[in-house]
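Count along the sequence shown starting at 1, add 60, and that's the number in my numbering. So the structure is just underneath, and the comments pick up after that.
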Amino acid sequence: MASRLSNEATEAAPDLLPATGRHRTMLFPRRRTTPRTARKFVVATLTEWGETSRLDDMRLCASELVTNAVLHGAPVGRLVLVRVESLDEQLRIEVHDSGENTPTQCVPEESAMDGRGLLIVSTTADSWGVEERTGSGKCVWAGFNRAKSGAASAPPRTTGPQGATA
């Protein structure tokens with residue numbers, strides 16, 4: 061992916077990444093309140109687009125991915141980028157951070173208080189993964205298939221950058 065996170069605090073960022081459908085991107089500071097704010101952004105975007113058939117699943121996955129980025133991914137003083145994308149076959153939530161560690165799914169002990177984020181994502185989303193970025197960091201994403209959700213395909217895009225998301 062050809063994007064970089066800047067270290068400048070900003071409420072909204074231009075859509076920096078190529079896509080074939082609708083998308084919306086926002087930068088968030090690395091703060092304790094970021095998962096809640098990012099959830100609201102994801103829900104507002106999906107609701108505006110009429111993509112509400114699996115809204116609770118997408119909200120949960122967004123929360124887990126952003127929480128992981130804040131706790132384990134984004135270094136202090138850096139930003140977290142959240143992208144919501146509506147593709148022909150899938151709705152996708154991406155969380156980008158500039159941390160170098162690659163997240164891995166684990167199965168925590170029953171008594172553990174944390175460590176279930178990617179386990180929750182893997183059982184809730186239809187697919188998920190980690191992608192490298194140009195420069196530092198990674199993109200962790202969760203995908204929700206339209207056929208499973210009953211959502212309609214995204215309308216074709218008529219303006220803006222063209223290309224496929226890797």
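For every residue, glycine included, the Cβ atom is placed at its ideal position computed from N, Cα and C.
Quiz item: According to the Cβ coordinates, are Gly197 and Gly159 closer than 8 angstroms?
Solution: Judged by their CB atoms, Gly197 and Gly159 are nearer to each other than the 8 angstroms cut-off.
Practice problem: Pick helix, strand or coil for Ala122, following the three-state DSSP scheme. | Solution: Three-state DSSP puts Ala122 in a helix.
Quiz item: Bridge partners of Ala81, per DSSP?
Solution: The question names Ala, but residue 81 is Gly in the sequence shown. Gly81 is not bridged to any residue.
Quiz item: First and last residue of the alpha helix (DSSP H) that includes Val200?
Solution: Per DSSP, Val200 belongs to no alpha helix (DSSP H); it is in the beta strand (DSSP E), 198-205.
Practice problem: Compare the C-alpha of Gly203 against each of Gly137, Leu139, Arg92, Arg143 and name the closest. | Solution: Cα-wise, what sits closest to Gly203 is Arg143.
Exercise. Check whether the Cβ atoms of Arg90 and Leu120 sit closer than 8 angstroms, and answer yes or no.
Key: No; because the gap between Cβ atoms is not below 8 angstroms, this pair is not in contact.
Quiz item: Just how far apart, CA to CA, sit Arg206 and Leu131?
Solution: If I take the Cα positions, the gap works out to 31 angstroms.
Practice problem: Work out the CA separation of Ile180 and Ser187 for me, nearest whole Å. | Solution: One Cα belongs to Ser187, the other to Ile180, and the distance between them is close to 12 angstroms.
Quiz item: According to DSSP, is Pro215 helix, strand or coil?
Solution: Only weak support is given to the placement of Pro215: the predicted model assigns it a pLDDT of 46, under 50, and the value that follows is read from those uncertain coordinates. Here Pro215 sits in coil by DSSP.
Exercise. Measure the C-alpha to C-alpha separation of Ala129 and Leu147 and round it to an integer number of angstroms.
Key: A direct Cα-to-Cα measurement between Ala129 and Leu147 gives close to 24 angstroms.
Exercise. Output the distance between the C-alpha atoms of Arg96 and Phe88, rounded to the nearest integer angstrom.
Key: Near 11 angstroms, if we compare the C-alpha coordinates of Phe88 and Arg96.
Quiz item: Nearest to Pro163 by alpha carbon, out of Arg152, Leu141, Thr127?
Solution: In terms of CA proximity to Pro163, Thr127 leads the group Arg152, Leu141, Thr127.
Self-check item: Residue environment, Val190, which counts as buried when at least 16 other CB atoms sit within 10 Å
Solution: Val190 is exposed by the Cβ-count criterion.
Quiz item: With distances taken between CB atoms, is the gap from Trp109 to Arg152 smaller than 8 angstroms?
Solution: No, Cβ-Cβ distance for Trp109 and Arg152 is not below 8 angstroms.
Quiz item: Do you know offhand how far Glu154's Cα is from Val200's?
Solution: If you take the alpha carbons of Glu154 and Val200, they lie about 6 angstroms apart.
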